[in-house]
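In this note's numbering, the protein residues as written are 18 to 133.
And the structure:
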């Protein structure tokens, strides 16, 4: 059974930083395309950052230069370092694992709120 468990969300002031973590079980993150998505209140899901099939990271234009995705195989985890956070980054953030033969797997989400 695949499980993705996110943590690290919370309330932060504009300009602050947070680091989201996603620990995977039931899959090997090295064999999946890992990514992060978010759902702002009242809006649809949007890509934040993910690794493409070649293993290179790609980012939404709105987060380029501020967010960094990374993975740690030894901990079977992926991370999202978020710097210079803005109120418009407020959303529920979801970890995603995708492979062509198994499709998408999702975590339960973690809330990020950017407010003064």
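C-beta: ideal position from N, C-alpha, C; glycine also.
Here's the rule: buried if 16 or more other CB atoms are within 10 angstroms of the residue's CB, otherwise exposed. What is residue i?
i: residue 113; result: buried
i: residue 23; result: buried
i: residue 75; result: exposed
i: residue 108; result: buried
i: residue 96; result: buried
i: residue 55; result: buried
i: residue 82; result: exposed
i: residue 124; result: buried
Could you tell me the alpha carbon to alpha carbon distance between residue i and residue j, rounded to whole angstroms?
i: residue 18; j: residue 41; result: 10 Å
i: residue 106; j: residue 126; result: 14 Å
i: residue 28; j: residue 132; result: 7 Å
i: residue 77; j: residue 62; result: 12 Å
i: residue 35; j: residue 67; result: 17 Å
i: residue 72; j: residue 58; result: 30 Å
i: residue 86; j: residue 38; result: 10 Å
i: residue 47; j: residue 128; result: 26 Å
i: residue 79; j: residue 45; result: 29 Å
i: residue 122; j: residue 43; result: 11 Å
Residue i: which of the options sits nearest, CA to CA?
i: residue 49; options: 36, 111, 35 and 88; result: 88
i: residue 33; options: 108, 99 and 115; result: 99
i: residue 20; options: 83, 128 and 111; result: 111
I need the DSSP call for residue i, collapsed to helix, strand or coil.
i: residue 77; result: coil
i: residue 19; result: coil
i: residue 92; result: helix
i: residue 48; result: helix
Check the DSSP bridge columns for residue i and list the partner residues they point to.
i: residue 128; result: 109
i: residue 33; result: None; residue 33 has no bridge partner.
i: residue 87; result: 96
i: residue 117; result: Per DSSP, none; premise fails for residue 117.
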